[in-house]
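J.:
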Amino acid sequence: MHKTLLGYIPEDSPIYKLHPFVRLLFLLIVSFLPLLIPAPEWNFLILIIVLVLILYARVNIRVLRIYVPVAISMGIIILISYTLLGGYHPEYKVLFTLFGKPFYWERIRDALVVYFRILPMIATMVFFLTTSSERDIIAAMRSIKIPFVVTYTFAMGLRAAGMVLEDFSIIRQAEQARGFDISGKPLTYKIRKYVMYMIPLFAISLRRTEEFTNALFARGFSFTGEASKVKRADYILSCYQFHFYDGLIATLIITCLIIVLLLRYKFGYFSLEKSLINVWFGQH
Amino acid sequence: MAIIEFKNYSWRYLNVETPALSNINLSIEQGEFIGVIGPNGSGKTTLCYSINGLIPDQYNGIRRGEVLVFGKEVTTYPKGTLQRRVGLVFSDPEVQFTSMTVEDEIVFGLENLGMSLAEIRERLEWVMGLVHLKSLLKKPPYELSGGQKQQVALASVIAMTPDIMIFDEPTSMLDPINRMSVFNILEEIRKKHNSTVIVVEHSLEKLVTLADRMLLLYNGQALLFEETRAFFQNMPLILEKNVDPPGILRFFYELTRLGDFSGQIPLSLEEAESAFRDLVRQRFSKS
Chain W
151 MHKTLLGYIP EDSPIYKLHP FVRLLFLLIV SFLPLLIPAP EWNFLILIIV LVLILYARVN
211 IRVLRIYVPV AISMGIIILI SYTLLGGYHP EYKVLFTLFG KPFYWERIRD ALVVYFRILP
271 MIATMVFFLT TSSERDIIAA MRSIKIPFVV TYTFAMGLRA AGMVLEDFSI IRQAEQARGF
331 DISGKPLTYK IRKYVMYMIP LFAISLRRTE EFTNALFARG FSFTGEASKV KRADYILSCY
391 QFHFYDGLIA TLIITCLIIV LLLRYKFGYF SLEKSLINVW FGQH
Chain B
23 MAIIEFKNYS WRYLNVETPA LSNINLSIEQ GEFIGVIGPN GSGKTTLCYS INGLIPDQYN
83 GIRRGEVLVF GKEVTTYPKG TLQRRVGLVF SDPEVQFTSM TVEDEIVFGL ENLGMSLAEI
143 RERLEWVMGL VHLKSLLKKP PYELSGGQKQ QVALASVIAM TPDIMIFDEP TSMLDPINRM
203 SVFNILEEIR KKHNSTVIVV EHSLEKLVTL ADRMLLLYNG QALLFEETRA FFQNMPLILE
263 KNVDPPGILR FFYELTRLGD FSGQIPLSLE EAESAFRDLV RQRFSKS
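Chains as they are written, first to last, in the working numbering: chain W, 151 to 434; chain B, 23 to 309.
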């Protein structure tokens, strides 16, 4: 099994065989597509395609379960924001009234548009993170000639996130070992105590920063000066081979983007006015 | 020619009253293996950092005197250049990991040296043969056991084949088996390369068999710096300064003190065995 950012993936996963650049390209373009497409049914289709790809990649489906409550909560928040706080226009049609408050079709429709734009973007990000390790992301960034300093800083940011979680876990265990446990306590108490964790976490992070700087320094790395001018052989990138099928898939992804752009802005496809839900609900 | 020289060197960390190192004068020749011992807070790590350039570059404090490495004052080296020739392994392996996988960790230093891909691959192969960690290449360093982390840290510095290698308590977190393995690696480096090696250690059993000279630091001062056997002739001083020498050395020192042994104090178990057999044979032949 290969360890990825959000879990593990089988070694023979077909998606893992793709060059990281192709996976990154997929993420960038497919997560951008919903922004071009207002019609919710088309974004829903993108979501289904991405979910199918996640299954095809043989990602453990249990990883997605974590995101279901997130997706539901997000949907509720968006719906409430748009319907209760979304404002009013004289041409809005009242769909129903609840406790004297009118709910307009246009506000619900806009909430659906936003929701179905965000869902495939999140799914694409999850797909990318469940099929890529930190090293893959670095290789993808370096393959598009992003400077070493930027990719390295990004890699350290990724690592730092994991270290903060680990430190948090250690602090909690240390407190529990001294008989301090917040389980069973009221929520307000827990929130107050969680703020307390920030102080040692912050102190540890500062110390780690210093240690990390020393480690870089001790290994002869420098961001500036003579030492920084040495031409670095990119070993990580050399470990990934760009195959014919990578080129083919990358071309396919770019072609999809061009087709969507043409259909959207030249021929008026994917618009909200011609959207199925707009037509159907509009008729009723 | 001395490869490292301390000339009236003192260092005091900012906001600390007592200096961490005080008036240090010593020189180390190329190819020497130096063991540095002393109780906690005696200045051992500060000494290592002063050679490598971490002090004063990364630490604030008051510096006096000179530290010359390769004949040049440490502070005159352009940033990042000295460290490519002076490798340092920290006592805590966790703090020196800069990469996502063991492979990248080892290769990072080689990339900093400007080596080509072919050279990097060759060097990686070589160092993997030395530390026997090939199966861990793709693993993140932070998922390894303490001993494996320490070996990766060693490998990542050894791979750079610096002229000077400094190991600050390289076995502090290791069990006895892994500790032996680290010393075996140091022994191999000593035999096959002409690198100058400086090892800070509390566990002295194996160190004394490898070191050409030993340095005793106490309260920031260099109290003793001699060839290993002569060093341990000063047992009362060593014991007084809270250093725990190997049992074998203490045993033979006591025998020497009592007049029962007059030979060279053995440094290794094998030497001790041989010396003890000779002693017993002498005793039996007398009686």
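Even glycine gets a Cβ: it sits at the ideal position worked out from N, Cα and C.
A quick note: this is a predicted structure, and the numbers were derived from the prediction, not measured.
Check for me: the alpha helix (DSSP H) holding residue 173 of chain B runs from which residue to which?
T.: 168-180
J.: Quick check: the Cα distance between residue 258 of chain W and residue 198 of chain W, rounded to an integer number of angstroms?
T.: Answer to the nearest angstrom: the Cα atoms are 22 Å apart.
J.: Give the straight-line distance between the Cα atoms of residue 104 of chain B and residue 38 of chain B, rounded to the nearest whole angstrom.
T.: 27 Å
J.: So, for residue 46 of chain B: in the same chain, excluding its five sequence neighbours on each side, which residues have a beta-carbon less than 6 Å away from its beta-carbon?
T.: 28, 31 and 244
J.: Three-state secondary structure (DSSP) at residue 86 of chain B?
T.: strand
J.: Quick one: grab the DSSP three-state call for residue 306 of chain B.
T.: helix
J.: Note down, in chain order, each residue of its chain lying with its Cβ closer than 7 Å to the Cβ of residue 286 of chain B, except the 5 sequence neighbours on either side.
T.: 251
J.: Give a yes or no on whether 8 Å exceeds the smallest Cβ distance from residue 435 of chain W to chain B.
T.: With chain W covering only 151 through 434, there is no way to say anything about residue 435 of chain W.
J.: In or out: residue 93 of chain B buried (at least 16 other Cβ within 10 Å) or exposed?
T.: With fewer than 16 other Cβ atoms within 10 Å, it is exposed.
J.: Compare the C-alpha of residue 23 of chain B against each of B/35, B/41, B/40 and B/49 and name the closest.
T.: B/49
J.: Is the beta carbon of residue 100 of chain B sitting closer than 8 Å to the one on residue 377 of chain W?
T.: Yes.
J.: Give the straight-line distance between the Cα atoms of residue 165 of chain B and residue 313 of chain W, rounded to the nearest whole angstrom.
T.: 11 Å
J.: For the beta strand (DSSP E) containing residue 289 of chain B, list its first residue and its last residue.
T.: Unbroken run through residue 289 of chain B: none, as it is neither H nor E.
J.: Counting contacts by CB-CB distance shorter than 8 Å, is residue 133 of chain B in contact with chain W?
T.: yes
J.: Counting contacts by CB-CB distance shorter than 8 Å, is residue 79 of chain B in contact with chain W?
T.: Yes, because at least one Cβ of chain W sits closer than 8 Å to the Cβ of residue 79 of chain B.
J.: Can the beta-carbon of residue 266 of chain W be found less than 8 Å from the beta-carbon of residue 193 of chain W?
T.: yes
J.: Any beta carbon of chain W sitting closer than 8 Å to that of residue 101 of chain B?
T.: Taking Cβ atoms only, chain W reaches closer than 8 Å to residue 101 of chain B, which makes this a yes.
J.: Contact criterion: CB-CB distance below 8 Å. Does residue 380 of chain W meet it with respect to chain B?
T.: yes
J.: Along the region 143-167 of chain B, where does the CB come closer than 7 Å to a CB of chain A? Name the residues.
T.: Among the protein chains of the structure shown, namely W and B, there is no chain A.
J.: May I ask you to report which of helix, strand or coil DSSP gives residue 126 of chain B?
T.: helix
J.: Would you tell me roughly how many angstroms separate the C-alpha atoms of residue 117 of chain B and residue 172 of chain W, rounded to the nearest one?
T.: For the pair residue 117 of chain B and residue 172 of chain W, the Cα-to-Cα distance works out to about 34 Å.
J.: Any beta carbon of chain B sitting closer than 8 Å to that of residue 377 of chain W?
T.: yes
J.: Restricting to Cα atoms, I'd like to know which of W/398, W/261 and W/183 is closest to residue 231 of chain W.
T.: W/261
J.: For the region 52-125 of chain B, list the beta strand (DSSP E) runs that are entirely contained and at least 3 residues long, ordered along the chain.
T.: 55-59, 83-91 and 108-111
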